[in-house]
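In my numbering, the protein residues as written are 35 to 309.
Quick reminder that beta carbons are idealized off the backbone N, C-alpha and C, glycines included.
Bear in mind the structure is a predicted one, so any value in this text is a computation, not a measurement.
Here the structure comes first, spelled out in structure tokens, and everything after it is commentary.
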Ligand code: NAD
């Protein structure tokens, strides 16, 4: 076995950051190299393991340069504006990146794509193995149920989530739209209210539920005449996303032949070999 992969976690004190730390500590193939959070975070300067009752020897910092020096992979579950800063720094330090943050604008997504010419990036709004499979199932279903079936995507998340619909719901919408030769930006309907008129069959509808501690539920509904097909995924723990993100980090750490993956934009379909 080679040297453990040197991981930097951004948003260390966040909900995902916490679970990522736990998973890195539990994995002998990975070592915590840096722990980042935003300026003003009360935990800056403390050992990153402290919140889990562990001593990691890595202090939580807001100094990106310090955290990224000699690192292999940055794992980012923060906010789009923070991800953009980390993206620039990762290019400067030639550190690979896992981007799990959601809520990016089209322009920010283009910046990620451009950065992938310089560094290797895995970018996925949902890192769980189950949702990655669901995306493939939705594509297959859309190809078969390609006429006479209305597509609606329903998602539910905890009360703290700040963006809607979820990045995963949008990704599922893109999967269905692309299988049908449609452009999601042109056919998406985000919520309905008042006198909406009859449903346009070419649209893909989204409905959002927010409340409590729901980790993440997604259903893609194909509603036809006389039947409905529902494809559903329910996440019961954030560990599923953290384990997927770290699997993605290992994927970037792997070599292709004798060559390291130096640049390129990948998603979880690539990580799981589903392409
Ligand atoms: P959270 O609010 O609990 O944590 C966010 C972390 O980012 C905090 O540590 C916060 O201090 C830090 N942060 C916020 N703004 C920052 C800034 N400007 N600079 C530096 N750090 C900053 O959120 P969370 O529930 O952990 O989710 C984080 C992100 O990950 C969200 O976008 C969420 O939708 C996404 N998410 C993705 C997946 C996936 O599988 N891809 C799964 C779960 C959550």
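Would you grab the beta carbon distance between residue i and residue j for me? Rounded to a whole angstrom, and I think it's under 8 Å.
| i | j | result |
| --- | --- | --- |
| residue 256 | residue 206 | In fact, because the Cβ distance is near 12 Å, the residues do not count as touching under 8 Å. |
| residue 264 | residue 253 | 5 Å |
| residue 146 | residue 121 | 6 Å |
| residue 73 | residue 96 | 5 Å |
Is residue i near the ligand NAD, with its Cβ less than 8 Å from a heavy atom?
| i | result |
| --- | --- |
| residue 100 | no |
| residue 300 | no |
| residue 197 | yes |
| residue 190 | no |
| residue 46 | yes |
| residue 285 | no |
| residue 306 | no |
| residue 194 | yes |
| residue 159 | yes |
| residue 116 | yes |
| residue 242 | no |
| residue 162 | yes |
| residue 226 | no |
Given a threshold of 16 other Cβ atoms within 10 Å of its Cβ, counted over all protein chains shown, does residue i qualify as buried or as exposed?
| i | result |
| --- | --- |
| residue 294 | exposed |
| residue 243 | exposed |
| residue 129 | buried |
| residue 86 | exposed |
| residue 200 | buried |
In three-state DSSP terms, what is residue i?
| i | result |
| --- | --- |
| residue 127 | helix |
| residue 62 | coil |
| residue 232 | coil |
| residue 183 | coil |
| residue 214 | coil |
| residue 151 | coil |
| residue 253 | strand |
| residue 50 | helix |
| residue 302 | helix |
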